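Student: Dropping the structure in here first, questions after.
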Amino acid sequence: MATRSTSISDLLNQIREGELVLPDLQRDFVWEEDQTRLLFDSIMRDYPFGSLLVWQTQYHTVPYRNFVLDFQRGMTFSPKEKVKGARLKMVLDGQQRLQSLLIGAYGTYDGRRLFFNITSGPADTDADADGPVGGYRFEFWRDDEKQNRPKRLVRVSDILQWDPRFEDDEIERTISEIALEGDQVSRARRNIRRLRWVFQQSDLVPLETIDEGSSNESQARSINEILEIFVRVNSGGTRLSRSDLMFSLIKTKWAGARRSFDILVEGVDPFGTLGVDKDFVIRGLLVNADVPVVFDVDAIGRHWESMEPKFPAFEGALRTTLDFCREPDVRIASADLLKPIASIYPIVYYLSSFKNFSVPDSQRAPIRTFLYFLLFNGFLKSKSPEARIRYLREVLQEAKGRALPLDKLLDIIRRRQTNHSIATTAMMLNWNQKLALNIVQPKVCRETLSWQAKAEIDHIFPQSIYRERFPDLIDDIGNMAFLGKLRNIRKSNEPPWEYFAAISDEDLDRDFLVQRSLLRDDAVEEFIVSRRARIVTAAKEFLGR
């Protein structure tokens, strides 16, 4: 490994020329504005910059992406591919520092450029300033905010791009335009020269380069070695999650991984309400590839060749499954009800074996029942549900392209979970009241719940009034309901016979399972018990057991 020192300007010039890039191992992350400002303050104070680690990639085909010059929140990053034999240097450690320096020196952050307060610094005692007292102050401003921007704020990119031959003239011109006086004039001169100097200082940045001296492929590090180095050097700072590391490995093995994952995640869960993310997709590929469902880097390394070919079927079956959940005969009215999201893995696996990943008409009811019992039992709610997924998959492996073995699947729940229910009971419905009421109040849910909205239910008889009298019944499903539009107009302590007054008897009975004659202060217990029985009956009819 070759080690030398270089300047910030040299590194930024390499980035701007496309000679220094990022391997597509790094996650899409850019420091906040305050972190960038503090970094510029630190280099002005001559604080240690810290070494950078660069990889000379001549002997490998590697996905990569360029640094971002003009950053916008929410932007996506498009990877490219460096072909084997081409020389290109990639940053393994130091991404955020270089990215922040590039944006601050030459680019923009959400349309704002970095400006330097040329009279700030160690002699500055302005406690009201935006930054540490005595620090070199940097601020982000839009170019069109000149009227409100203090004159002593000078754009960093202007200072750094002055021709060295005319440095003195530019400094004096800048100072005269601001009309500084006294000590501030000499301080401004020193600060401007110091900013230019720290960027040009040739020994400021320690730089280590992997494979710089390798003369052939056999001497170069392997992709797996590079990934291991990347994982170790990134163990500090902004920590990488386990999925970050696994996704980094996947991207070294599949050039199209980033784009394929992004399209899938953004397509099925654009607002993040479901929880379909990289973790979900990686675990789903393990399931669909019929390999051990072990969520770690080693498993990805061993089984990726089996996982990658399953991506199209997984994607198609996932889209079908989510569409199925939202169909009127399935009635999942809100993504909030589809929790834990891992509950759909077995269904995605099952549907992936059918032509076009479609749901056979004959299997709609069994699949629906299976899904609801997974959700009611919370069978896959563990942070590590791999073992239970494996038990279900073993049953489904024998049913590819055939009828869903519902009884065998429910028997897995019975045998593997102590507190369970594989037949509709009041106890089971009370475990997940929102899901149960979603079944029995389809019209209210359909009209007032959106897929992105959080499902909220309310007490019919207000708990603030009746909890003391009926502590064991007040939170029972018989007293809970989706109130729909009534939720916005009902007063907190209003009794049900008042806020239901404008609802017809027919709608009250059909949409809320409420018998008006029992909406009385002296019939609370009878109301809750009888309504609970109606809910159980309706849910049992829907679920078929």
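Sequential numbering from 1 applies to the sequence shown in our numbering. Ideal Cβ positions, reconstructed from N, Cα and C, are used throughout, including at glycine. On a predicted model such as this, the values are computed, not experimentally measured, just so you know.
(1) First and last residue of the alpha helix (DSSP H) that includes P312?
(2) Applying the 10 Å Cβ sphere with the 16-neighbour rule, what's the burial state of A387?
(3) For a quick check, are the C-beta atoms of L518 and I477 less than 9 Å apart?
(4) Over the uninterrupted alpha helix (DSSP H) stretch that includes T369, give me the two end residues.
(5) Please go through the segment 162-203 and give each complete alpha helix (DSSP H) segment of 4 or more residues, from N-terminal end onward.
(6) Please report the Cβ distance between Q56 and R87, rounded to the nearest whole angstrom; I am assuming they are in contact, meaning their Cβ atoms lie under 8 Å.
(7) I'd like to know whether the C-beta atoms of F116 and F138 end up nearer to each other than 9 Å.
(8) Alpha carbon to alpha carbon, how far is E525 from D262?
(9) Roughly how many whole angstroms lie between the Cα atoms of S362 and V293?
(10) To the nearest angstrom, how far is the alpha carbon of A127 from that of Q35?
(11) Nearest by alpha-carbon distance to V557: which of V30, V91 and P462 is it?
(12) Just the Cα atoms here: how many angstroms apart are A335 and A453?
(13) Does the segment 75-85 come close enough to the segment 104-116 that 3 or more CB-CB pairs lie under 8 Å?
(14) Taking 8 Å as the line, does the beta carbon of T57 fall inside it for any heavy atom of the ligand COA?
(15) V205 and M246 look like a contact to me (Cβ under 8 Å); what is the Cβ gap, rounded to whole Å?
(16) On the premise that E315 lies in contact with L264, defined as a C-beta separation below 8 Å, what is that separation, rounded to the nearest angstrom?
(17) What are the uninterrupted segments assigned as alpha helix (DSSP H) that are 4 or more residues long and contained completely in the segment 137-166, given in chain order?
(18) Given R73, which residues of its chain have a CB within under 8 Å of its CB, disregarding the five upstream and five downstream residues?
(19) Give a yes or no on whether the C-beta atoms belonging to S382 and L207 are separated by under 9 Å.
(20) Which parts of the segment 471-512 are runs of the alpha helix (DSSP H), unbroken and 4 residues or longer, counting only runs that do not cross its ends?
(21) Under 9 Å, do N66 and L12 count as touching if we go by C-beta distance?
(22) Quickly, what does DSSP pair H459 with across the bridge? List them, please.
(23) Which residues does DSSP pair with S5 in a beta bridge?
(24) Sort S215, S218, N216 and K253 by Cα distance to L227 and report the nearest one.
(25) Is DSSP giving E398 helix, strand or coil here?
Tutor: Taking the definition as stated:
(1) F311 to C325
(2) The residue is exposed, with fewer than 16 neighbouring Cβ atoms inside 10 Å.
(3) no
(4) R364 to N377
(5) 167-178 and 183-200
(6) A Cβ-Cβ distance of about 7 Å is found for the pair Q56 and R87, placing them in contact under the 8 Å criterion.
(7) Cβ distance < 9 Å, so F116 and F138 count as in contact.
(8) Going by C-alpha positions, E525 is about 52 Å away from D262.
(9) 30 Å
(10) Note that A127 scores a pLDDT of 47, beneath 50, so its modelled location is shaky and nothing firm can be said.
(11) Residue coverage of the chain in this structure runs from 1 to 545, which leaves residue 557 outside it and unanswerable.
(12) In this structure, the CA atom of A335 is about 8 Å from the CA atom of A453.
(13) no
(14) No copy of the ligand COA occurs in the structure displayed, which carries no ligand at all.
(15) No, V205 and M246 are not in contact; Cβ-Cβ is about 31 Å, not under 8 Å.
(16) About 5 Å separates the beta carbons of L264 and E315, which is inside the 8 Å limit, making them a contact pair.
(17) 156-160
(18) D110
(19) no
(20) 496-499 and 505-512
(21) no
(22) M480
(23) Paired residues: P206.
(24) K253
(25) Helix, per DSSP.
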